[in-house]
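Shown next, in structure tokens, is the structure this report addresses.
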Amino acid sequence: MTITNYICDLLYRYDCVIVPDFGAFLTKRAAAHFSDDKHLMYPPQKQISFNQQIISNDGLLANYIVSSEQVSYDKALEKIQSFVQQVNAELEKKGRLTFSDIGFFNVNFENNLVFEPLHTSNYLPEAFGLATLKSDTVLRETLKEEVQILEEKAPIAFTPEKRKKSVFVKYAAAAAIALVLSGVGLNSYKNHIIQHNVVEAIEAEELIKEEIQSASFVLDIPNPLPSISVKVKQFTEDNSVDIESFKKYHIVAGAFREFENVNKKIAQLKRKGFSPSYIGKNNYGLHQVIYSSHATKNEAINTLNSIKRHENRSAWLLVQK
Numbered sequence: 001m002t003i004t005n006y007i008c009d010l011l012y013r014y015d016c017v018i019v020p021d022f023g024a025f026l027t028k029r030a031a032a033h034f035s036d037d038k039h040l041m042y043p044p045q046k047q048i049s050f051n052q053q054i055i056s057n058d059g060l061l062a063n064y065i066v067s068s069e070q071v072s073y074d075k076a077l078e079k080i081q082s083f084v085q086q087v088n089a090e091l092e093k094k095g096r097l098t099f100s101d102i103g104f105f106n107v108n109f110e111n112n113l114v115f116e117p118l119h120t121s122n123y124l125p126e127a128f129g130l131a132t133l134k135s136d137t138v139l140r141e142t143l144k145e146e147v148q149i150l151e152e153k154a155p156i157a158f159t160p161e162k163r164k165k166s167v168f169v170k171y172a173a174a175a176a177i178a179l180v181l182s183g184v185g186l187n188s189y190k191n192h193i194i195q196h197n198v199v200e201a202i203e204a205e206e207l208i209k210e211e212i213q214s215a216s217f218v219l220d221i222p223n224p225l226p227s228i229s230v231k232v233k234q235f236t237e238d239n240s241v242d243i244e245s246f247k248k249y250h251i252v253a254g255a256f257r258e259f260e261n262v263n264k265k266i267a268q269l270k271r272k273g274f275s276p277s278y279i280g281k282n283n284y285g286l287h288q289v290i291y292s293s294h295a296t297k298n299e300a301i302n303t304l305n306s307i308k309r310h311e312n313r314s315a316w317l318l319v320q321k
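With my numbering, letter number 166 in the sequence shown gets 166, and the count goes up by one each step, no holes.
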């Protein structure tokens with residue numbers, strides 16, 4: 001793994017990650033909000049910023065490298081120092097550098113370092129699985145048509161003797177109609193957004209159910225390795241693994257409508273070096289297979305991030321109460 005990957009892992013768990021002699025990545029929790037100009041509903045997230053003045057080593061990044069790579073503390077510091085030298089050299093040469101899933105740096109005309117965060121990853125664990133929702137815009141032509149219909153229905157009568165007064169009455173009626181429509185149009189727009197979001201959520205849930213039920217596991221490898229024989233314990237619907245009660249965080253590899261897919265998936269994962277288990281049915285009647293179980297949330301999130309990065313981007317975290 002690169003230093004950038006380690007920084008990403010730590011941003012899920014900490015609000016400040018210091019890269020010694022370079023700067024600190026800071027995070028701030030932001031509530032869910034709606035963007036009027038883009039018509040997007042953003043979930044709660046961690047907003048990332050960068051402070052070039054915080055460069056003192058607090059040991060967080062170095063100790064994480066030690067535990068991840070099983071190297072000495074001095075060796076971890078050497079890796080960080082080498083990484084910072086490469087970053088500075090790249091900035092001096094090109095004036096621009098990107099940290100994957102974090103943000104990019106620019107050197108402006110005053111030779112100052114400017115950081116711009118990316119929004120490809122949400123480092124707030126509580127918002128895991130929440131996506132940005134888009135709503136349709138309301139066209140002005142719709143309101144114009146409604147105004148024309150109301151104007152045609154509005155009873156406005158005048159006589160030649162009182163033409164000036166009648167013209168005034170006509171414009172006053174049109175102004176009143178416009179005021180009413182401004183309130184009606186705003187309420188209609190808000191109701192449209194709420195209804196659209198509800199429909200999108202229901203369709204997304206149904207799509208997920210269909211994909212889970214029709215999941216198949218076929219590896220398309222140009223040059224497959226020689227086949228090997230692995231002895232796999234055959235599970236039945238009545239002998240799911242009894243997970244220890246204190247291990248309530250599980251990394252789910254798949255959920256299947258047909259039970260025969262359970263043993264196929266377990267055999268596949270064992271060939272890859274995992275120790276999978278079958279933990280029974282969920283609320284939808286699907287049979288669940290997990291990569292592993294964990295006692296703490298932090299341990300489970302770290303394992304999930306590693307699996308999503310190197311093995312299966314569709315893996316997800318199940319928390320049993």
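Idealized CB from N, CA, C, for every residue including glycine.
Inset, instruction - Pull up the DSSP beta-bridge partners for F34, would you. - result: As a working note, residue 34 is residue 34 in the sequence shown. For F34, which the question treats as bridged, DSSP gives the partners M41.
Inset, instruction - Determine which residues share a DSSP beta bridge with K134 and list them. - result: The residue given as residue 134 occupies position 134 in the sequence shown. Answer by DSSP bridge pairing, in chain order: L40.
Inset, instruction - Would you check if the stretch 27 to 46 and the stretch 59 to 67 touch, i.e. whether three or more CB-CB distances between them fall below 8 Å? - result: They do not touch, by the three-pair rule.
Inset, instruction - Return yes when the Cβ of N5 is within less than 8 Å of the Cβ of G324, no when it is not. - result: Absent from the structure is residue 324, since the part of the chain shown begins at 1 and ends at 321.
Legend entry - Buried or exposed (CB count within 10 angstroms, at least 16 for buried), P224: Position 224 of the sequence shown, counting from 1, holds the residue named residue 224. Note that P224 scores a pLDDT of 47, beneath 50, so its modelled location is shaky; the value from the coordinates is reported in the next line. Burial call: exposed.
Inset, instruction - Could you name the residues of the same chain whose beta carbon sits closer than 6 Å to that of I7, not counting the 5 residues immediately before and after it, in chain order? - result: Counted from its first residue, the sequence shown places residue 7 at position 7. The answer, listed in chain order, is V17.
Legend entry - Own chain residues within Cβ distance below 8 Å of F104, not counting five before or after: The residue you call residue 104 lines up with position 104 of the sequence shown. The residues R96, L97, T98, F115, E116 and L118, in chain order, have a CB closer than 8 Å to that of F104 in the same chain once the five nearest residues on each side in sequence are set aside.
Legend entry - Between the CA atoms of S82 and S293 - distance to the nearest angstrom: Numbered from 1 along the sequence shown, position 293 holds the residue referred to as residue 293. Numbered from 1 along the sequence shown, position 82 holds the residue referred to as residue 82. Computed Cα separation, rounded: 36 Å.
Inset, instruction - Classify S275 as buried or exposed, calling it buried when 16 or more other Cβ atoms lie within 10 Å of its own Cβ. - result: On the sequence shown, position 275 is the one that residue 275 refers to. So S275 ends up on the exposed side.
Inset, instruction - Please list the segments of the alpha helix (DSSP H) lying wholly inside the stretch 236 to 300, counting only runs of 4 or more residues, in order along the chain. - result: If we require 4 residues or more, the alpha helix (DSSP H) runs fully inside the stretch 236 to 300 come out as 260 to 271.
Inset, instruction - Spatial neighbours of N302 within its chain, please: CB distance less than 7 Å, with the 5 preceding and 5 following residues excluded, ordered by chain position. - result: Numbered from 1 along the sequence shown, position 302 holds the residue referred to as residue 302. Result list for N302: D9, in chain order.
Legend entry - Spatially closest choice to I55 from A300, Y14, D15 and V84, by CA coordinates: Here residue 55 refers to the residue found at position 55 of the sequence shown. For the residues A300, Y14, D15 and V84, the minimum Cα distance to I55 belongs to V84.
Legend entry - Length at least 4, wholly inside the stretch 20 to 107: the alpha helix (DSSP H) runs in chain order: Those alpha helix (DSSP H) runs which fall completely within the stretch 20 to 107 and span 4+ residues are 60 to 69 and 73 to 94.
Legend entry - Residue nearest to V252 in terms of C-alpha spacing, selected from S68, I80 and L317: Here the question's residue 252 lines up with position 252 in the sequence shown. Closest option to V252, Cα to Cα, is L317.
Inset, instruction - Since I believe A295 is in contact with K247 (beta carbons under 8 Å), could you give me their beta-carbon distance rounded to a whole number of angstroms? - result: Translated into positions along the sequence shown, residue 247 becomes position 247. Translated into positions along the sequence shown, residue 295 becomes position 295. The Cβ separation is near 5 Å, so the contact holds.
Inset, instruction - Look at I65 and I102 and say whether their C-beta atoms are less than 8 Å apart. - result: As a first step, residue 65 is located in the sequence shown; it is residue number 65 there, counting from the start. As a first step, residue 102 is located in the sequence shown; it is residue number 102 there, counting from the start. Going by C-beta atoms, I65 is not nearer than 8 Å to I102.
Inset, instruction - Taking V107 as the reference, give the member of N122, N298, A267 and N88 with the closest Cα. - result: Translated into positions along the sequence shown, residue 107 becomes position 107. Measuring from the Cα of V107, the nearest candidate turns out to be N88.
Legend entry - C-alpha gap between Y12 and K264, whole angstroms: For this step, residue 12 is matched to residue 12 along the sequence shown. For this step, residue 264 is matched to residue 264 along the sequence shown. Cα-Cα distance, rounded: 33 Å.
Legend entry - Distance CB(V319)-CB(V289) smaller than 8 Å: The residue you call residue 319 lines up with position 319 of the sequence shown. The residue you call residue 289 lines up with position 289 of the sequence shown. No Cβ-Cβ contact shorter than 8 Å links V319 with V289.
Legend entry - Backbone secondary structure at L124 - three-state DSSP: Translated into positions along the sequence shown, residue 124 becomes position 124. Here L124 sits in coil by DSSP.
Legend entry - Rounded straight-line distance, which links the Cα of E311 to that of S67: Numbered from 1 along the sequence shown, position 67 holds the residue referred to as residue 67. Numbered from 1 along the sequence shown, position 311 holds the residue referred to as residue 311. In this model, S67 and E311 are separated by some 21 Å (Cα to Cα).
Legend entry - Same chain, Cβ closer than 7 Å to L304, neighbours up to 5 away in sequence not counted: Translated into the one-based positions of the sequence shown, residue 304 becomes position 304. Excluding residues within five positions, the ones whose Cβ falls inside 7 Å are I251, A315 and L317.
Legend entry - Distance, N112 Cα to I307 Cα: As a working mapping, residue 307 is identified with position 307 in the sequence shown. As a working mapping, residue 112 is identified with position 112 in the sequence shown. Their Cα atoms are separated by approximately 38 Å.
Inset, instruction - Determine the DSSP secondary structure at L118, reduced to helix, strand or coil. - result: Your numbering for residue 118 matches position 118 in the sequence shown. Three-state result, L118: coil.
Inset, instruction - Express the C-alpha separation of S277 and N283 in angstroms, rounding to a whole number. - result: Locating residue 283 in the sequence shown gives position 283, where the first residue counts as 1. Locating residue 277 in the sequence shown gives position 277, where the first residue counts as 1. So the two alpha carbons sit approximately 18 Å from each other.
Inset, instruction - Determine the closest residue to E69 out of L91, E110, Y42 and I3, with distance taken between C-alpha atoms. - result: Residue mapping note: residue 69 aligns to position 69 of the sequence shown, counting from 1. Nearest C-alpha to E69: I3.
Inset, instruction - Figure out for me which residue from Q53, D15, A76 and S72 has the closest Cα to the Cα of K46. - result: In the sequence shown, counting from the first residue as 1, residue 46 sits at position 46. Out of Q53, D15, A76 and S72, D15 has the C-alpha closest to the C-alpha of K46.
Inset, instruction - Could you pull the start and end residues of the alpha helix (DSSP H) that Y6 belongs to? - result: By one-based count along the sequence shown, residue 6 stands at place 6. Unbroken alpha helix (DSSP H) run through Y6: I3 to L11.
Legend entry - Beta bridge counterpart(s) of I18 as assigned by DSSP: Here residue 18 refers to the residue found at position 18 of the sequence shown. A24, per the DSSP bridge assignment.
Inset, instruction - Evaluate F25 with the Cβ neighbour count: other Cβ atoms within 10 Å of its Cβ, from every protein chain shown; 16 or more gives buried, anything less gives exposed. - result: As a first step, residue 25 is located in the sequence shown; it is residue number 25 there, counting from the start. Around the beta carbon of F25, 16 or more other beta carbons sit within 10 angstroms, so the residue counts as buried.
Legend entry - Contact under 8 Å by Cβ, Y363 with K297: Here the chain comprises residues numbered 1 to 321, so residue 363 is not present and cannot be evaluated.
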